[in-house]
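Colleague:
Residue numbers (UniProt numbering): 1 to 180.
Right, dumping it as structure tokens:
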């Protein structure tokens with residue numbers, strides 16, 4: 001995939017299919033130490049030890065619509081070609097943690113891509129999902145938590161067009177401020 005945000009979208013879709021109610025996305029751009037870390041944590045159904053051992057095989061998938069599951073294996077390949085790796089920790093009935101790291105400056109590392117678009121896409125289709133997005137660049141931090149936003153909205157759905165438009169602006173400004 002051309003952007004890491006597309007890998008993130010794929011993993012989050014897996015979490016949603018695993019019946020996660022809360023998904024945490026951490027992106028840590030540690031430019032000083034030349035590291036990029038992406039961590040996705042969910043409280044979904046988790047995976048058995050057997051599935052964890054096989055899940056990075058592109059011919060293993062839990063989906064019934066196709067016989068291949070390239071998402072995790074492609075994400076791992078992208079990390080490995082940039083002096084990094086992908087690790088999976090999962091407990092059946094509790095959830096899964098996917099940790100992916102890269103050498104930040106590696107010439108083959110794909111850009112992060114459209115993280116705002118990824119988050120808006122997820123929320124537009126999954127308004128009941130709680131998403132905690134934490135993005136660090138060196139010593140600066142941006143946090144976006146749908147639980148706080150939903151509390152403010154009270155009974156208004158988070159996926160209404162005018163709310164999504166506001167969220168898109170909020171996320172864009174937050175990431176722009178973070179990069180300054």
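All residues carry an ideal CB built from backbone N, CA and C; glycine is no exception.
1. From 110, 53, 92, pick the residue whose C-alpha is nearest to that of residue 81; which is it?
2. For residue 149, collect the residues of the same chain with a Cβ closer than 8 Å to its Cβ; drop the 5 residues on either side in sequence, then sort them by chain order.
3. Is the CB-CB distance between residue 211 and residue 11 below 7 Å?
4. Can you list, in chain order, the residues of its chain with a C-beta nearer than 6 Å to that of residue 18? Leave out the 5 residues immediately preceding and following it.
5. Residue 55: buried (16+ other C-beta within 10 angstroms of its C-beta) or exposed?
6. Using three-state DSSP, classify residue 24 as helix, strand or coil.
7. Closer than 8 Å by C-beta to residue 6: which residues in its own chain qualify, once you throw out the five before and the five after it? Chain order, please.
8. Are the CB atoms of residue 105 and residue 28 nearer to each other than 7 Å?
9. Anyone know if the C-beta pair for residue 131 and residue 31 falls short of 7 Å?
10. Does DSSP classify residue 69 as helix, strand or coil?
11. Considering only residues of the same chain and omitting the five flanking positions on each side of residue 97, which have a CB-CB separation below 6 Å?
12. Within 10 angstroms of the Cβ of residue 170, are there 16 or more other Cβ atoms? Answer buried if so, exposed if not.
13. Of the choices 74, 145, 128, whose alpha-carbon is the least far from that of residue 155?
14. Determine whether the beta carbon atoms of residue 86 and residue 79 lie at a separation below 7 Å.
15. Which residues in the same chain as residue 174 place their Cβ atom closer than 6 Å to its Cβ, once the five residues preceding and following it in sequence are excluded?
16. Beta carbon of residue 37, beta carbon of residue 139: below 7 Å?
Modeller: Concretely, from the data shown:
1. Against the chain shown, residue 81 aligns to sequence position 81. Ranking 110, 53, 92 by Cα distance to residue 81 puts 110 first.
2. Your numbering for residue 149 matches position 149 in the chain shown. Answer for residue 149: 158, 167, listed in chain order.
3. Any property of residue 211 remains undetermined from this structure, which presents the chain solely from 1 to 180.
4. Mapped onto the chain shown, residue 18 falls at position 18. Excluding residues within five positions, the ones whose Cβ falls inside 6 Å are 44, 45.
5. In the chain shown, residue 55 corresponds to position 55, counting from 1. Residue 55 is buried by the Cβ-count criterion.
6. Start at 1 with the first residue of the chain shown, and residue 24 comes out as number 24. Of the three classes helix, strand and coil, the one that applies to residue 24 here is strand, per DSSP.
7. Position 6 of the chain shown, counting from 1, holds the residue named residue 6. The residues are 113, 118.
8. Taking the first residue of the chain shown as 1, we reach residue 105 at position 105. Taking the first residue of the chain shown as 1, we reach residue 28 at position 28. Taking 7 Å as the Cβ cut-off, residue 105 and residue 28 do not qualify as a contacting pair.
9. Taking the chain shown and counting its residues from 1, the one referred to as residue 131 is at position 131. Taking the chain shown and counting its residues from 1, the one referred to as residue 31 is at position 31. No, Cβ-Cβ distance for residue 131 and residue 31 is not below 7 Å.
10. Taking the chain shown and counting its residues from 1, one reaches residue 69 at position 69. Here residue 69 scores only 48 on pLDDT, less than 50, and its place in the model is too uncertain to base an answer on.
11. One-based indexing of the chain shown puts residue 97 at position 97. Around residue 97: 41, 89.
12. For the purposes of this step, residue 170 is taken as the residue at position 170 of the chain shown. Exposed.
13. Sequence index remark: in the chain shown, residue 155 carries index 155 (1-based). Measuring from the Cα of residue 155, the nearest candidate turns out to be 128.
14. In the chain shown, residue 86 corresponds to position 86, counting from 1. In the chain shown, residue 79 corresponds to position 79, counting from 1. For residue 86 and residue 79, yes; Cβs fall inside 7 Å.
15. Here residue 174 refers to the residue found at position 174 when the chain shown is read from its first residue. Once the five neighbours on either side are set aside, the close Cβ partners of residue 174 are 142.
16. Mapped onto the chain shown, residue 37 falls at position 37. Mapped onto the chain shown, residue 139 falls at position 139. No, the pair does not count as a contact, with Cβ atoms beyond the cut-off.
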